[in-house]
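Some notes on the structure that comes next.
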Amino acid sequence: MTYIVNENCIKCKYTDCVEVCPVDCFYEGENMLVIHPDECIDCGVCEPECPVDAIQADTDEGAESWLTLNREMSEVWPNITEKKDAPEDADDFAEVKDKYNKFFIR
């Protein structure tokens, strides 16, 4: 098992999770984060830190496509190891549904 970041992160990009990760397996895109599944040690400390429930186990229902996306993007996007301020409008997008089709940027 590993953890992945799902669409709840898109346009929110809170980085509380990055701060607690003991192996620095988060990668940052323009409007979301991803976890490199081969670097994640399955400790789970990041999951409760996310205020929008964007982190889930890859064994959860619906996580398979997000596992693929996390793997692909973590090979392209830069590693992030320190907490940053969330975008100013992050709270406006916390409850938005279907963010992948509306806002995802590769």
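Counting from -10, one number per residue, gives the positions in the sequence shown under this note's numbering.
Just so you know, even glycine gets a beta-carbon here, dropped at the ideal spot from N, CA and C.
Inter-residue Cα distance where the pair is residue i and residue j
| i | j | result |
| --- | --- | --- |
| Tyr89 | Val12 | 27 Å |
| Thr4 | His25 | 15 Å |
| Tyr(-8) | Arg60 | 11 Å |
| Val85 | Cys1 | 10 Å |
| Val7 | Glu28 | 13 Å |
Buried or exposed (CB count within 10 angstroms, at least 16 for buried), residue i
| i | result |
| --- | --- |
| Lys91 | exposed |
| Ser54 | exposed |
| Cys32 | exposed |
| Glu50 | exposed |
Distance between beta carbons of residue j and residue i, contact taken as under 8 Å
| i | j | result |
| --- | --- | --- |
| Glu19 | Pro67 | With a Cβ gap of about 11 Å, Glu19 and Pro67 do not count as contacting. |
| Val(-6) | Val23 | 5 Å |
| Asn(-3) | Val65 | Their Cβ separation, rounded to whole angstroms, is 21 Å, which puts Asn(-3) and Val65 out of contact at 8 Å. |
| Ala52 | Ala46 | 7 Å |
Same chain, Cβ closer than 6 Å to residue i, five either side skipped, listed in chain order
| i | result |
| --- | --- |
| Ile30 | Val12 |
Cutoff 7 Å; reference residue i; Cβ partners in own chain excluding five residues on either side
| i | result |
| --- | --- |
| Ile94 | Gly18, Glu19, Asn20 |
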